[in-house]
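The working numbering numbers the first residue of the sequence shown as 50 and each following residue consecutively.
Beta carbons are placed, not taken as given, at the ideal position from N, Cα and C, and that holds for glycine.
Working notes for the structure below.
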Amino acid sequence: MPARPELARPDDDAIRHAMDKAMAATAALIHVLGEGQHTLNMVAERTDDTLVTASADLSLITGPISLSVLDEDEFFALRTLLVFALEGSTVRSAVLIATTAAGPHPHACGWSVRDGWLHPMDTDDVRQAVIPCPGLPAVQREAYDAPVLPQIPDTNEEGPRG
């Protein structure tokens, strides 16, 4: 059986740049999701063929704005995975699904990471992403097209790394 490929560590500048993008993406996510109870789930396929997942629960109240994170370690793990997905050298593909507790069924939308940013998924892709594994309890979600997240201008002198 062949060994897994090695992961090459990105350089510090690439990580710092991706951290800035992840902060901007997180702020944009919070803005578009709005008030309510939200669960963020992320799945990434690394270049060594390993799947990595992270999940975090958030509560957002507006007027005045207040953001609560249920578990800071889970939120940190999600943001770290987002950093490496946006940087791109160690992650082949990644998807972020946001589920908002609302009404009779939660609402879900999602983004795929491409070219160093989160791009909206359409309803059909979100439905495919949230299908539960056979034998596991299913949470029925109403899927919708994800909104576009405004991207910060790339100020990296070397150009986008995405």
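Buried or exposed (CB count within 10 angstroms, at least 16 for buried), residue i
i	result
L119	exposed
I110	exposed
A76	exposed
V162	buried
F133	buried
G208	Per-residue confidence for G208 stands at a pLDDT of 43, beneath the threshold of 50, marking its modelled position as unreliable; the derived number appears in the next sentence. So G208 counts as exposed.
F124	buried
H66	buried
M50	The predicted position of M50 is uncertain, since its pLDDT is 47 and thus under 50; no value can be drawn from it.
L214	It is not possible to answer for residue 214, since the shown part of the chain is limited to 50 through 211.
G159	buried
E206	Annotation note: pLDDT 47 at E206 (below 50); position unreliable, coordinate value reported separately. Exposed, since its Cβ has fewer than 16 Cβ neighbours within 10 Å.
I146	buried
R155	Residue identity differs from the one stated: residue 155 is Pro in this sequence, not Arg. Its Cβ being crowded by 16 or more others within 10 Å, P155 is buried.
A150	exposed
L127	buried
A57	exposed
L100	exposed
Start-to-end residues for the alpha helix (DSSP H) that takes in residue i
i	result
A178	172-178
Endpoints, the beta strand (DSSP E) within which residue i is located
i	result
H156	156-163
L167	166-169
Contact belief for residue i with residue j at Cβ below 8 angstroms, rounded distance in angstroms
i	j	result
P59	E136	5 angstroms
T172	T88	Contact doesn't hold; Cβ gap of about 18 angstroms is too wide.
S104	Q86	That pair is no contact at about 14 angstroms.
C82	L198	As written in the sequence, residue 82 is Leu, which differs from the Cys given in the question. Between L198 and L82 the Cβ distance is about 10 angstroms, and since that is not below 8 angstroms, they are no contact.
**Prompt:** Hey, is the region 113-133 in contact with the region 168-180, meaning 3+ C-beta pairs nearer than 8 angstroms?
**Reply:** As far as the Cβ criterion goes, the region 113-133 does not touch the region 168-180, which means the pair count is below three.
**Asked** What alpha helix (DSSP H) runs, 4 residues minimum, are completely inside the region 51-109?
**Response** Listed in chain order, the complete alpha helix (DSSP H) runs (minimum 4 residues) inside the region 51-109 are 61-82.
**Message:** Quick check: the region 137-144 against the region 85-97, are at least 3 beta-carbon pairs closer than 8 angstroms?
**Reply:** They touch, by the three-pair rule.
**Secondary structure, alpha helix (DSSP H): runs of 4+ residues fully inside the region 119-152** = Listed in chain order, the alpha helix (DSSP H) runs fully inside the region 119-152 are 121-136, counting runs of at least 4 residues.
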